[in-house]
Amino acid sequence: MAVYLVTGTNRGIGLEFVGQLLARGEQVIATCRDVDKAADLMKLDERHTNLEVLELDVTKADSLTNLPKRLADHTIDVFINNAGVYGPRDANFGNVNGDDWGQTLHINAVAPILLTQLLLPLLSASKLKKLVYITSKMGSVEDNSGGGQYIYRSSKAALNSAVKSLSIDLADQGFSVGLLHPGWVKTDMGGPNAWIDTQTSVSGMLKLIDELNVQNSGRFLAYDGKTIPW
Ligand SMILES: NC(=O)c1ccc[n+]([C@@H]2O[C@H](COP(=O)([O-])OP(=O)(O)OC[C@H]3O[C@@H](n4cnc5c(N)ncnc54)[C@H](OP(=O)(O)O)[C@@H]3O)[C@@H](O)[C@H]2O)c1
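Residue numbers (this note's numbering): 3 to 232.
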């Protein structure tokens with residue numbers, strides 16, 4: 003049994019991570035922005051003693067900086083940075099709004115690194131030392147044949163670049179770092195026409211997280227194990 007910290011868990015891929023981890027008997031600390039708007043997560047909380055729910059809004063500085071204090075008695079073995087936003091769907095050239103861009107960049111790329119910095123003492127106390135960032139194939143520069151979507155694409159490309167540095171910088175301390183694309187998944191973000199369900203996506207990603215180690219650290223992989231070009 004290991005201790006997993008997962009962000010953005012009231013719906014979608016994050017909620018599925020929590021469900022599958024609990025079913026395996028892992029210890030799960032799940033964050034969401036507002037417990038009063040997290041009915042499905044709170045139903046899981048009622049049924050499982052191995053789940054702890056904490057509020058975290060990564061756009062609020064206090065919420066970020068207080069998290070280590072609220073987790074002070076825990077060692078975190080696996081940190082899954084899942085919370086993310088798409089931003090405006092019409093962010094194509096000629097229609098890009100700077101405020102929306104800044105907000106999306108902060109949630110998708112800046113906050114995961116700030117959180118990792120803040121939580122490093124709790125993560126360093128673990129023997130497993132696994133850091134996982136849920137990114138997107140849309141952040142691949144090489145794979146971009148469609149253009150457009152300036153905000154979401156660049157926010158995930160920024161995340162990828164920062165996490166690659168992290169994988170190098172923390173290697174000496176024994177951390178393994180994974181950048182995972184969940185596939186095109188049926189969630190509020192992915193929409194009903196997406197190709198796979200959350201069960202398929204998350205079971206694939208958990209297999210990759212189980213296999214993550216210092217030798218294969220720093221790779222950009224899809225949920226099915228395929229390598230994605232940077
Ligand atoms: N679905 C796909 O096809 C797909 C494809 C590629 C990558 N991804 C990535 O996979 C991850 C999960 O996506 P999803 O499809 O499950 O999306 P989703 O259904 O829209 O859920 C997003 C989650 O992020 C949380 N979140 C948003 N802003 C936040 C903030 N400021 N602070 C804390 N949490 C915040 C949301 O909380 P609220 O409910 O409070 O808003 C929600 O729990 C994201 O990083 C996304 O970019 C998804």
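C-beta: ideal position from N, C-alpha, C; glycine also.
This one's a predicted model, so the numbers in the text were calculated from it and none came from an experiment.
What did DSSP end up calling H108 once you bin it into helix, strand or coil?
Indexing the sequence shown from 1 puts residue 108 at position 106. Residue state, collapsed to three classes: helix.
Going by alpha carbons, who is nearest to L46 out of R26, R35, V20?
Against the sequence shown, residue 46 aligns to sequence position 44. Considering only alpha carbons, the answer is V20.
Count the other CB atoms within 10 Å of the CB of D212; is the residue buried (16 or more) or exposed (fewer)?
Numbered from 1 along the sequence shown, position 210 holds the residue referred to as residue 212. Per the 10 Å Cβ criterion, exposed.
Near I109, what residues of its chain come up, given a Cβ to Cβ distance below 8 Å and the 5 sequence neighbours on each side ignored?
Taking the first residue of the sequence shown as position 1, residue 109 is located at position 107. Same-chain partners within the cutoff: V60, T61, A85, G86, V87, S157.
Would you say the stretch 122-138 touches the stretch 188-195, given that touching needs at least three Cβ pairs under 8 Å?
no
Of all the CB atoms in chain D, is at least one closer than 9 Å to the CB of I115?
Looking for chain D here will not work: only one protein chain is present.
Would DSSP call T33 helix, strand or coil?
Mapped onto the sequence shown, residue 33 falls at position 31. Strand.
Tell me, which residues are paired with T229 by DSSP?
For this step, residue 229 is matched to residue 227 along the sequence shown. According to DSSP, T229 bridges with L223.
Could you give the distance in angstroms between the alpha-carbon of Q217 and the alpha-carbon of A173?
The sequence position of residue 217 within the sequence shown is 215, counting from 1. The sequence position of residue 173 within the sequence shown is 171, counting from 1. Looking at the two C-alpha atoms, the distance is approximately 10 Å.
Going by C-alpha distance, which of V55, Q22, L24 is nearest D36?
The sequence position of residue 36 within the sequence shown is 34, counting from 1. For the residues V55, Q22, L24, the minimum Cα distance to D36 belongs to V55.
Quick one: Cα of A93 to Cα of Y152, how far?
Here residue 93 refers to the residue found at position 91 of the sequence shown. Here residue 152 refers to the residue found at position 150 of the sequence shown. Distance between the alpha carbons of A93 and Y152 is about 6 Å.
Inter-residue Cα distance where the pair is T67 and S219
Residue mapping note: residue 67 aligns to position 65 of the sequence shown, counting from 1. Residue mapping note: residue 219 aligns to position 217 of the sequence shown, counting from 1. Near 27 Å, if we compare the C-alpha coordinates of S219 and T67.
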